[in-house]
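> Counted from 1, the sequence shown has number 1045 at position 1043 by the numbering used here; the numbering is strictly sequential. Just passing along the structure, written as structure tokens.
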Amino acid sequence: GDLFGWSLANVGDVGGLGPALAVGAPHASPGGHTSAGNLTLFFPSATFSGKAGAWINSTNDGENLGYSVAASGDINGDGRADILAGAPFCSTGATAGGCAYVFYGATPHPHLVPDLTFDSAVAGAHFGWSVAGNGSVDGTSALDLVVGAPNYTSGGLAARGAAYVFRNPTGTLRTSVVPGATAGEEFGFSVAMGDFNGDTIDDLAIGAPYNGAAFSQAGDVSLIYGASPFKTTIGAILDGQAANEWFGYALASGNFHKDNLDDLLVGAPGSAINATGVGRAYAFYGSPLPWTAANLTLVPGVSGATAFGASLAVGGNFTADGGPGFVVGDPQFRVGSKVNAGRAYVYEGDIVPSQSFPRVLGWVCVPYTFTGGTNPCSGLAGFTVTLVSATLPLRTSSAANGSFTFKAVPGTYWLNTTAFPYIDNTTTVSLSYNQVLTVFIFPKTIPFIRGNATDAVNRTPYAGVTVALYNATNVLVNATTTSSTGAYAMYVPPAFLPAVGATSAMTVRMWDATHYTNQTPVSVRRNQTSYANMFLNRFPVLSGTVFDQRTLSPIRGATVQATQGPTAVATATTNNQGVYSLVATNASRSRLLYLNVTSSGYGRYQTSLAVDRNESYARVDIYLLSDRTPPASNVWPLLPTYTTAAVFSLSANASDNNGVAQVQLWYRFNNTGNYVQYAVDSAAPYTFSFNSTSARGNGRYAFYTIAVDYAGNVETPPTANDTWTWVDTVLPSLSVSTPTAGQALLTSWVNVTWTARDAGSGLLKVDAQLDSGAWVHAGLASFLNLTSVADGSHTVTVNATDRAGNSRSVTVAFSVNTAAPVVTFASPANNSLSASQTVVVSWTITNPGAGITVLQAAADTGTWQSLSTSATSYTFTGLTDGSHNLWVRATTANAQTTVYLVVTVDTTDPTVTITAPMGNPWVNVTSENLAFTATDATSGLASLTVSLDNGTAVDVTGDTSYRLSGLTDGAHQAVLTATDHAGNSATATAYFHVDATPPTVTFSAPTDGATLTSSSVAVQWLVTDAGSGLVSVVISLDSGTAQTVTPGGTQTYSGLSDGLHSVLIRATDAAGNVRTASISFTVNTQLLGNNALAYGLMAAVVVVVAVIALVAWRMRKPKPPEPPKQEPPQTQDEEKKA
């Protein structure tokens, strides 16, 4: 039961002894772990005996380790091959969807516990059903793994299946999930890996044997071609050839058509389209072109084959000819009468000359940009490149650097490039084995702009200048920089191309860090090169030294800033010798340039000079005076005491002999803690926008300013604030308690109450308004009484205002109506009875005032139930027995009426009991007394009747007994029926039998009055009773002691004296009827002695005569048939035993 051999794989040198064989046994139970599964490893040896070298045992019950196994290659790079194995029923993962394990190779055997564990994160996916490895699908040096999960379900598609690709499993793991397309196809049932197209990157083959795209369960195999970066796009699909072929049930890869490309074997064990046998295997030889048909179709060719292609393997040089072979398995092959005996078919591989397929390497280049090297030109991305033969086109797109590549088979092709709005380019290429053809394509429709940048001062080419091309709407079209020779060239991208035959006006601009921007217009046409050469003017350059005016010593670290108007065009800092140099970037030509000089401990200095392009101004020396006097400042004007603005402005005055460099705004919150600097303004007028939300929120803020002059002198903070304000942006809280919204008041006096609070600046006042009347000031009170409010609808508005000026209003609508509605009950009548717990009450309402706003109903003291205002009835349910007050309440906008009626509910049947007769007795009279009781606790008894044997009912109301007369023999029943005033009724039945007929006694021997000559007499009798049945039969002789006997029998009396005797039988039935019968006889034993002879002779004569008559009669009459043989009758004891 281990299923040893369910999976097999040459897993490589996993133990340092050479290639090892791994054999899976998914139902093995190592260590008592039921169906945990294991792997058995066999290592090569010169004296190989088939003895296992190591076991990898699972400890997880039911996971089926060894269901699949494959070589994973040396994925951890330690010099030993590793093992990949599947356990599709693993329940140790997060979702019990199956597991796959990697066991690292080691000496003398691989690790026996998993080093890597993978699961599907999808319950019941059967992840690990198939596995493959020892390849790289993204072209990196890291080996990748693929695991099939054919029962994977997602998107409402059950058993669609999936293949999981794990890239770089020992590094930065990247997982890709490739799901099947349709429900039930079981995509991932089989997987294989190999370089099928010869691009040096391994590809994936994934089987879905139950896919029905071509035919029902024909199956298919999806190919994902490896690439860098890896993509899960399906590159090709191979379909089964007939329904139920199960194409893709098994897969295997390897180079059995030895041409340096991996080949693919596909099993189709259900194929029934062969001349003989069931099952097929298809071979696809590796090719740079997508497969369109199998290169080889294998069939069993013999009867008995039932699943040819269910298993596949590639590898092993079986015939020592250098060509690897492959094996096709049929585990259900029938050998004679041996079902499922199995068979394996071994095929020799073939060898083709070692040669490589031709390749095309190309670039789509911008014209005039060819330079050679790794990236030989400025490439154009996104061009569709097609290599077309007479039978098959190959397509690709040019990459970001313009490159493209093809691998093809020898032949002649047309090479096309297409990209709107470029003109297609076509050329013919011939390809042969071992050829690499390099092709450069220059689209002819690209306008070009070329030119040079020259310095306007020394008239020399200038390198590194930015050159930009803009269209007529000033949108950047392209940009580049000048080369070491000052030259540049750029093209117009497709998005900006003019129409064919049209011209677009564009502008070329040039600039760099030391030159003014220059520009010139250009006209752009397709297939045309435009030229734009420009001279660049330099920015003015200023230099000098900053000195201390008193000591004439140079000042280092001084800041020199050049400005024109409010714009700073350059800034420099003096070096250790006090020297500065700056380039006045984009300084306006022939205009004054201001130099502002500051340094700590010195007053600010400003001078100006006229500057122009391409000029240098040297020896612009500056002398600074020291400054030790701090500036002064204050906030002005003062802030209001309260403000509702979260953001508000403050202004400051500041003064200093040598100028104020900056003014700082400081604040403190709620008179606690230290002042905090908030903002700095470096130019007059000094204004600040204070945001209380980003500071501390609502509350009291105090402010002052500190000024700093250009010498670095800082104003001493004041001892008190300059100004303060209370920020309150929160509206007061206000809620109106009475009247409530929509309340209907029944009085013209309205009490308005509210709750108003303000946690910020404090509540200032509350005002109230009725409808649109005048506001009434309530101060800080919480109520206001409104009198003489007219009938009708009204609103009252309450407005609360805090000290900061925030206000909140609440408006409540209500109504006043002093006229009440009139409610009149239609049914049921007051004080009526109901035999149901459900009572429907109906009514009519007349209302002289406003319409009904609220209509409610309630039972007794229960909860009021809201009804539709147009309702005219209500059903009360669940009423208990007894009297109930059923209420209806109608409310208008200003009045209310409540009425009720009384209904007594009686759902309980009366209590009826018959006290006699009881127990279905037998009586022997023709009249019987019926005794009874009947009560009703709620509505009382309305009637009480008696009927005999379903006859006419007789009224016995108020009675406790009734005489039943005229009774005949037999069974009788008397039914007593009680009905209460609510209509509930109950019955009681008395059963009894009448038997007024006594038993019958019959003597059969001796005859009454007979004279007997023997002192021994056998008395025979029969007693019967057709009514209630006998309960007693006694017999007595001559008034002697009576003894009980059976209803029919014989009693023998012996030793009787001569004389008169009598026998008496008394019979009693179950109803008490008694029957007495007797017979008399005389015993005379002397009579037999005198007449014995006479009697004997007479008897002899009679016998002789009878015999003669009988013989004569039988001689004259035919003999009748013999009656059937009968068994003797059973005795009473025998009947009981039977």
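Ideal placement from N, C-alpha and C gives every residue a C-beta, glycine not left out.
#1: Please tell me whether L298 has its Cβ less than 8 Å away from any Cβ of chain B.
#2: Taking the Cβ atom as the reference point for each residue, do A216 and D241 lie within a distance shorter than 8 Å?
#3: Can you check DSSP and say which residues form a bridge with I624?
#4: Between G404, S834, G960, which has its C-alpha nearest S2's C-alpha?
#5: Determine the burial state of M920: buried for a count of at least 16 other Cβ atoms within 10 Å of its Cβ, exposed for fewer.
#6: What distance in whole Å lies between the Cβ atoms of S485 and A465, which are believed to be in contact at a cut-off of 8 Å?
#7: Smallest Cα separation from D724: which of V387, T561, A704, M508?
#8: Can you give the Cα-Cα distance for G311 and A254, rounded to whole angstroms?
#9: Give the C-beta separation of G404 and V366 to the nearest angstrom, bearing in mind that I take them to be a contact with Cβ-Cβ under 8 Å.
#10: Taking the beta carbon of T803 as the centre, do at least 16 other beta carbons fall within 10 Å, making it buried, or is it exposed?
#11: Just confirm the distance between the C-beta atoms of L888 and A861, as a whole number of angstroms; I'd bet it's less than 8 Å.
#12: Which partner residues does V149 have in the DSSP bridge list?
#13: Taking DSSP's pairing of strands, which residues face S836 in a bridge?
#14: Is it the case that the Cβ atoms of D951 and Q975 are separated by a distance below 8 Å?
#15: Under DSSP, the alpha helix (DSSP H) around S696 begins and ends at which residues?
#16: Can you tell me whether DSSP reads A918 as helix, strand or coil?
#17: Give the DSSP-derived three-state secondary structure of A410 in the structure shown.
#18: Going by C-alpha to C-alpha distance, which of T749, N676, F189, F258 sits closest to V348?
#19: Among the residues of its own chain, which have a CB less than 7 Å from the CB of N12, if the five just before and after it don't count?
#20: Tell me the DSSP bridge mates of I208?
#21: Does DSSP put F286 in a helix, in a strand, or in coil?
#22: Measuring only the C-alpha atoms, how far is N676 from R805?
#23: Are the beta-carbon atoms belonging to T36 and D63 less than 8 Å from one another?
#24: What's the C-alpha gap between G744 and N693?
#25: So the beta strand (DSSP E) R511 belongs to, where does it begin and stop?
#26: Check A497 in the structure and name its three-state DSSP category.
#27: Enumerate in chain order the residues of its own chain whose CB-to-CB distance from S358 is below 7 Å, with the five nearest sequence positions on each side excluded.
#28: Measuring CB atoms only, is the stretch 1015-1026 touching the stretch 1043-1061, in the sense that at least three cross pairs come out at less than 8 Å?
#29: Among V502, F450, P500, M508, whose alpha-carbon lies nearest the alpha-carbon of N476?
#30: For the stretch 603-619 against the stretch 634-652, are there 3 or more C-beta pairs whose distance is under 8 Å?
#31: Rounded to the nearest angstrom, how far is the Cβ of A515 from that of L544, given a contact under 8 Å?
#32: So, at 7 Å on beta carbons, what are the nonlocal neighbours of L1062 in its own chain, with the 5 sequence-adjacent residues on each side left out?
#33: Put P32 into one of helix, strand or coil per three-state DSSP.
#34: Residues in its own chain within less than 8 Å of Q839 by CB, not counting five upstream and five downstream?
#35: Just list the residues that DSSP pairs A458 with in beta bridges.
#36: Which first and last residues belong to the beta strand (DSSP E) in which Q563 is found?
Short version:
#1: This model lacks chain B altogether, as it is built from one protein chain only.
#2: yes
#3: V548
#4: In the structure as shown, the chain begins at 3 and stops at 1140. Residue 2 is therefore absent and cannot be evaluated.
#5: M920 comes out exposed.
#6: 6 Å
#7: A704
#8: 11 Å
#9: 5 Å
#10: buried
#11: 6 Å
#12: Bridge partners of V149 according to DSSP: V133, Y166.
#13: V907, per the DSSP bridge assignment.
#14: yes
#15: 694-697
#16: strand
#17: In this structure, A410 counts as coil in the three-state DSSP scheme.
#18: Comparing Cα positions, the closest option is F258.
#19: Counting only residues of its own chain and dropping the five nearest sequence neighbours on each side, N12 has a CB closer than 7 Å to the CB of P21, L23, A73, G317.
#20: V193, S224
#21: strand
#22: 27 Å
#23: Their beta carbons are under 8 Å apart, which means T36 touches D63 by this criterion.
#24: 42 Å
#25: 506-514
#26: helix
#27: N262, Y435, N436
#28: Segments in contact, yes.
#29: Selected option, being the one with the closest Cα: M508.
#30: no
#31: The pair is not a contact, with the Cβ atoms about 16 Å apart (cut-off 8 Å).
#32: S1082, T1084
#33: helix
#34: T879, G880, L881, T882, V907, T909
#35: In the DSSP output, where bridge partners are listed per residue, A458 has none listed.
#36: 561-566
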